[in-house]
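Trainee: Just dropping this structure here.
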Amino acid sequence: MNATPAPDSPPSPYERAVPGTPVPHPPGPESVPRQKEAARAPERPGGTTVDLLDLLDHPDTRTAAQAAAVENLLRCWVRENDLAAPHDGTLRIELPASGAALLVPVHHWSPSGWHRFGLPLLAGAPEQAPPVDAVTVAALLARQTAPGTPAADPGRPAPPDGPPAAPGGPGPRCPDSPAGEGADLVGRVADSVRRTAVFIRDRREHPADPADHFLAAEQALLLGHPLHPTPKGREGLSDEEGRLYSPELRGSFPLHWMAVAPSVLASDSAWTERGRPVSAEQLTMRLAGPGLSLPDGCAAVLPLHPWQMREVRHRPGTAALLDAGLLQDLGPHGTPWHPTSSVRTVYRSGAPAMLKLSLGLRITNSRRENLRKELHRGTEVHRLLRGGLFEQWRSVHPGFDIVRDPSWLAVDGPDGNP
1214 MNATPAPDSP PSPYERAVPG TPVPHPPGPE SVPRQKEAAR APERPGGTTV DLLDLLDHPD
1274 TRTAAQAAAV ENLLRCWVRE NDLAAPHDGT LRIELPASGA ALLVPVHHWS PSGWHRFGLP
1334 LLAGAPEQAP PVDAVTVAAL LARQTAPGTP AADPGRPAPP DGPPAAPGGP GPRCPDSPAG
1394 EGADLVGRVA DSVRRTAVFI RDRREHPADP ADHFLAAEQA LLLGHPLHPT PKGREGLSDE
1454 EGRLYSPELR GSFPLHWMAV APSVLASDSA WTERGRPVSA EQLTMRLAGP GLSLPDGCAA
1514 VLPLHPWQMR EVRHRPGTAA LLDAGLLQDL GPHGTPWHPT SSVRTVYRSG APAMLKLSLG
1574 LRITNSRREN LRKELHRGTE VHRLLRGGLF EQWRSVHPGF DIVRDPSWLA VDGPDGNP
């Protein structure tokens, strides 16, 4: 649990830009903000230069999602291979494992790695050939990083004239990656692109933000992290569940509650109010709100994400605790909570705390289940900061702060292990 942030001023737009397609009538100004109205694109190899609009603003949401995904993949490749900026506006990425190369229009080269790219073309493709989509880019890059693949000259500027120059000879070999990882990446990229298209379409149809500025900011990250290959990947989440549990779709839901017997309850709290300690058990009871009673013989109520409850009830350890009466299922209860940009952390306006829930979904590329060591670290960090360290930092760096996790509850097995 961490403290709910105070209200803030309205968030500034999440601005982006790169040229994309010939200028159409742009979608509503609230859709996916851009840095500038239009730009002159570099000449396509063998083609002409035209006025272009940022592809992220393309009227077709699938095209916008594809463009965002391709840029993310290319940024990651550039960073991982430490590629230099091209001299002529076109980055050439050699892919010897596939006998191919990508020609990538570079619209902006960023010192921080937030480069802006146009859609790539396969070197030597006919003039009328379409650009390469995100799934194909992912497959090509994944093949290039397969075990034992030579990483020959992974990227360099395209020659100004004539046919592409031959690669500069074999380079170091790529680190080995587990078998099947490439296919897994391709599947996760496809999932992320599909969900991103849904998010963009929904936001264009419903552009108005909620009155709560913090919540509006958490729901505004439609494209996700610009340096992650699958920023909106959520394997295991159905479309119906996605509507409820996705911040980008402004979902909300009541939490599922369990009652926990004292013999299997684990908790710690560094939370204080007016100098007095507040236990995690007191906090969760307060957050549950009226109408939820603690059964006899139980020490605390534990909030769970509804998806996680459906998942864990079938695990042998959880089933055994339920059968023994050490856990009691109290069902869904209370005012709905809103998922924040992390998906697993939930927020309710006016609540004294946010809740970082365990969630076994594969979000981006990790299953977000809280580890016991992470729970202990949260309270210890809070105690360190409260003991004077925060004031020392603030005196030197007034704008610096750390998100606190000062309180937690969890369930042990009958043997005392997490």
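Start counting the sequence shown at 1214; every next residue gets the next number (this note's numbering).
We treat Cβ as the ideally placed atom computed from N, Cα and C, and that holds for glycine.
Quick caveat, the model's predicted, so the values are computed rather than measured.
Quick one: grab the DSSP three-state call for Lys-1569.
Mentor: strand
Trainee: Report the rounded CA-to-CA distance for Asp-1614 versus Arg-1487, giving the unit in angstroms.
Mentor: 21 Å
Trainee: Is the Cβ-Cβ distance between Gly-1455 and Arg-1447 less than 8 Å?
Mentor: yes
Trainee: Counting Cβ pairs, one atom from each stretch, are 3 or more of them under 8 Å apart for the segment 1394 to 1407 and the segment 1541 to 1548?
Mentor: no
Trainee: According to the Cβ coordinates, are Val-1345 and Leu-1354 closer than 8 Å?
Mentor: no
Trainee: Counting only the same chain and skipping the five closest in sequence on each side, list residues whose C-beta sits under 8 Å from that of Arg-1356.
Mentor: Leu-1308, Ala-1310, Ser-1311, Thr-1362, Gly-1395
Trainee: Would you kindly report the start and end of the unbroken alpha helix (DSSP H) that includes Leu-1515?
Mentor: Run containing Leu-1515: none in the alpha helix (DSSP H); it sits in the beta strand (DSSP E), 1513 to 1517.
Trainee: Ignoring anything shorter than 3 residues or poking outside the segment 1574 to 1626, list the beta strand (DSSP E) runs there in chain order.
Mentor: 1579 to 1581, 1620 to 1624
Trainee: If you draw a straight line from the alpha carbon of Ser-1555 to that of Val-1319, how long is it in whole angstroms?
Mentor: 30 Å
Trainee: The beta strand (DSSP E) with Arg-1487 in it runs from where to where?
Mentor: It is not in any beta strand (DSSP E) - Arg-1487 carries neither H nor E in the DSSP assignment.
Trainee: Are the Cβ atoms of Arg-1288 and His-1328 separated by less than 8 Å?
Mentor: yes
Trainee: Roughly how many whole angstroms lie between the Cα atoms of Met-1214 and Ser-1620?
Mentor: Their backbone Cα atoms lie some 5 Å apart in a straight line.
Trainee: What is the rounded straight-line gap between the Cα of Pro-1508 and the Cα of Ala-1474?
Mentor: 9 Å
Trainee: In this structure, what does DSSP give as the bridge partners for Met-1471?
Mentor: Bridge partners of Met-1471: Leu-1515, Asp-1542.
Trainee: Hey, could you find the ends of the beta strand (DSSP E) Leu-1457 is sitting in?
Mentor: Not the beta strand (DSSP E): Leu-1457 falls in the alpha helix (DSSP H), residues 1452 to 1458.
Trainee: What would DSSP say about Ser-1480, mapped onto helix, strand or coil?
Mentor: strand
Trainee: Let's see if you can read the secondary structure: which residues bound the alpha helix (DSSP H) around Thr-1303?
Mentor: Thr-1303 -> not in any alpha helix (DSSP H); beta strand (DSSP E) instead, spanning 1303 to 1308.
Trainee: Here's the rule: buried if 16 or more other CB atoms are within 10 angstroms of the residue's CB, otherwise exposed. What is Val-1616?
Mentor: exposed
Trainee: In this structure, how does DSSP classify Thr-1558 when only helix, strand and coil are distinguished?
Mentor: Of the three classes helix, strand and coil, the one that applies to Thr-1558 here is strand, per DSSP.
Trainee: Tell me which residue opens and which closes the alpha helix (DSSP H) that Leu-1315 is part of.
Mentor: No alpha helix (DSSP H) contains Leu-1315, which is instead part of the beta strand (DSSP E) from 1313 to 1321.
Trainee: Quick check on DSSP: helix, strand or coil for Arg-1526?
Mentor: coil
Trainee: With DSSP as the reference, identify every bridge partner of Phe-1330, one or two as the case may be.
Mentor: Val-1319
Trainee: Go ahead and pull the three-state DSSP assignment for Leu-1335.
Mentor: strand
Trainee: What residue from Leu-1568, Asp-1618, Asp-1397, Leu-1462 has the CA that sits closest to Leu-1418's CA?
Mentor: In the sequence on display, residue 1418 carries Glu and not Leu. Comparing Cα-Cα distances from Glu-1418 to each of Leu-1568, Asp-1618, Asp-1397, Leu-1462, the minimum goes to Leu-1462.
Trainee: Taking a contact to mean a Cβ-Cβ separation below 8 Å, would you say Leu-1191 touches Ser-1562 in this structure?
Mentor: One cannot answer for residue 1191 here, as it falls past the ends of the chain, which runs 1214 to 1631.
Trainee: Should Ala-1282 be labelled buried (16 or more other beta-carbon atoms within 10 Å of its own) or exposed?
Mentor: buried
Trainee: Let me confirm a value: Ala-1277 is counted as buried when at least 16 other C-beta atoms fall within 10 Å, else exposed. Which label applies?
Mentor: buried
Trainee: Check this for me: beta carbons of Gly-1591 and Gly-1547, under 8 Å apart or not?
Mentor: no
Trainee: Roughly how far, in whole angstroms, is the beta-carbon of Pro-1545 from the beta-carbon of Pro-1467, given that I think they are within contact range, below 8 Å?
Mentor: Rounded to the nearest angstrom, the Cβ distance from Pro-1545 to Pro-1467 is 5 Å, consistent with a contact under 8 Å.
Trainee: Quick check on the burial criterion: 16 or more other C-beta atoms within 10 angstroms. Buried or exposed for Arg-1386?
Mentor: Note that Arg-1386 scores 38 on pLDDT, short of 50, meaning its location in the model is unreliable and no value can be drawn from it.
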